[in-house]
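With the numbering used here, the residue at position 218 of the sequence shown is 212, and numbering never jumps. Every residue gets a Cβ at the ideal spot worked out from N, C-alpha and C, and that includes glycine. Remember, it's a predicted structure, so these values are computed and weren't measured experimentally.
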Amino acid sequence: MLVASREVADAIASRAPIVALESTIISHGMPYPRNVETARAVEEEVRTAGAVPATVAVLDGAIRVGLDDDQLERLASDPAVSKVSRRDLTHAVLSGDPGATTVAATMIAAAKADIRIFATGGIGGVHRGAATSFDISADLDELGRTEVAVVCSGAKAILDIGLTLEYLETRGVPVIGYRTDEFPAFYTRGSGFAVDHRLDSPADVARFLSIHRRLALGGGVVVGNPIPEPHALDPDTISAAIERALADAGTLTGKEATPYLLARVAELTGDASLEANIALVRANARLAGEIAVALED
Ligand code: PSU
Ligand code: MN
């Protein structure tokens, strides 16, 4: 039920560095064909760093770790691809229908395949208004229980970033700032909220992850890597788009809430946000590759 591609299986067997990559960002995060181009470019960033990319999805009744080009193309272009988080995995395998994995589901697949590093754009979090909607991404509980490090550009301000960090604290998840003291807010380099610890090199992050593993604490680690400076968006433009998207979403909750908000913000901010998104995912993949290469045990 978990099938690794030949290349990823070989890398696991020889203990070569591997970076897991998610697929919700391909199927539900970007328009075709930029999504499949980005998926390929992100894999290339991992390779440039000296690691093997392992994009994760559910296809033909199995969780796939490592996809070929046809599989990437299908995820990018087939409108029937569903969004698969922890609670959706069983049904996706049973039905045989195509599914794109979220951060939570990708972490699960990575851990089963013994992959310790995973790169993405942004993690899910505590939605604004969660006190009444209870809308808290399953990504956060997964980080609390599954030992995979997630390299990301923080979380989008469509979420309540302060509450997201509180929740991660409750679940015992360390939040690292990579060359920053602030938790990044995806399109912008800072959120105004401090990280727990700052680390300044892939080797330092790798040492942190080794100790985390040796302590057998369980659970993941968030590595927040701010969007590369030249691609960062103007904070006022982005927050206006977010406020508008939240107003348009009304009381929408459940698994459609995040994709709706992401698509609406992308629509309102146009090409600039798409280019920013691509730039930050590529940078995260590169950094994750460097950390994977630096990991010694
Ligand atoms: N945030 C983004 N881009 C994304 C997602 C979140 O900026 O593509 C996706 C990720 O796959 C994440 C998922 O795991 O949305 C979270 O969805 P939910 O809030 O329904 O758990
Ligand atoms: Mn949700």
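Between which two residues does the alpha helix (DSSP H) carrying residue i extend?
i, result
"residue 155", "155 to 164"
"residue 202", "196 to 208"
"residue 171", "Premise fails: residue 171 lies in the beta strand (DSSP E), 169 to 172, not in any alpha helix (DSSP H)."
"residue 71", "63 to 71"
"residue 192", "Residue 192 -> not in any alpha helix (DSSP H); beta strand (DSSP E) instead, spanning 191 to 193."
"residue 11", "Unbroken run through residue 11: none, as it is neither H nor E."
"residue 253", "251 to 263"
"residue 42", "28 to 42"
Determine the closest residue to residue i out of the options, with distance taken between C-alpha atoms.
i, options, result
"residue 267", "214, 229, 181", "181"
"residue 173", "164, 1, 197, 166", "197"
"residue 211", "29, 253, 167", "167"
"residue 47", "15, 9, 245, 30", "15"
"residue 323", "252, 109, 261", "This structure does not reach residue 323, given that the chain is present from -5 up to 291, and the question cannot be answered."
"residue 222", "209, 61, 270", "270"
"residue 30", "247, 195, 289, 71", "71"
"residue 341", "-1, 288, 274, 257", "Because the chain is modelled from -5 through 291, residue 341 falls outside the range shown and cannot be assessed."
"residue 81", "38, 111, 0, 133", "133"
"residue 124", "89, 26, 259, 154", "154"
Sorted by chain position, which residues of the same chain lie with C-beta nearer than 6 Å to residue i's C-beta, five sequence neighbours on each side aside?
i, result
"residue 281", "145, 219"
"residue 93", "52, 76, 78, 86"
"residue 283", "13, 40, 43, 45"
"residue 106", "-4"
"residue 207", "none"
Can you tell me whether residue i is buried or exposed, with buried defined as 16 or more other CB within 10 angstroms of its CB?
i, result
"residue 42", "exposed"
"residue 21", "buried"
"residue 23", "buried"
"residue 128", "exposed"
"residue 276", "buried"
"residue 95", "buried"
"residue 49", "buried"
"residue 314", "The shown model of the chain, from -5 to 291, leaves out residue 314, and the question about it has no answer."
"residue 98", "buried"
"residue 227", "buried"
Between which two residues does the beta strand (DSSP E) carrying residue i extend?
i, result
"residue 227", "Premise fails: residue 227 is in no beta strand (DSSP E) and is neither H nor E."
"residue 58", "56 to 59"
"residue 130", "Taken as a continuous stretch (DSSP letters only), residue 130 belongs to no beta strand (DSSP E), as it is neither H nor E."
"residue 49", "46 to 53"
"residue 86", "Looking at the DSSP string, residue 86 is not in any beta strand (DSSP E); the run it does join, the alpha helix (DSSP H), is 83 to 89."
Regarding residue i and the ligand NAP, is the C-beta to nearest heavy atom distance less than 6 Å?
i, result
"residue 131", "This structure does not include the ligand NAP; its bound ligands are the ligand PSU and the ligand MN."
Could you pull out every residue in the same chain whose Cβ sits closer than 7 Å to the Cβ of residue i, ignoring the five residues on either side in sequence?
i, result
"residue 3", "none"
"residue -5", "56, 57, 87"
"residue 159", "169, 177, 187"
"residue 91", "74, 76"
"residue 248", "none"
Considering only residues of the same chain and omitting the five flanking positions on each side of residue i, which have a CB-CB separation below 8 Å?
i, result
"residue 251", "121, 129, 243"
Are the region 146 to 156 and the region 107 to 126 in contact at 8 Å, needing three or more beta carbon pairs?
Because the criterion of three Cβ pairs below 8 Å is met, the region 146 to 156 and the region 107 to 126 touch.
Counting beta carbon pairs with one atom in the region 93 to 111 and one in the region 53 to 62, are three or more of them shorter than 8 Å?
These segments touch.
Between the region 181 to 193 and the region 237 to 250, do at least 3 Cβ pairs fall closer than 8 Å?
Contact between the region 181 to 193 and the region 237 to 250 is not established, with fewer than three Cβ pairs separated by less than 8 Å.
Would the region 251 to 267 and the region 212 to 231 be scored as touching if the rule is three or more Cβ pairs under 8 Å?
By the C-beta criterion, the region 251 to 267 is judged to be in contact with the region 212 to 231, since at least 3 inter-stretch pairs fall below 8 Å.
Answer yes if the region 29 to 44 comes into contact with the region 63 to 74, meaning at least three C-beta pairs across the two stretches below 8 Å, and no otherwise.
These segments touch.
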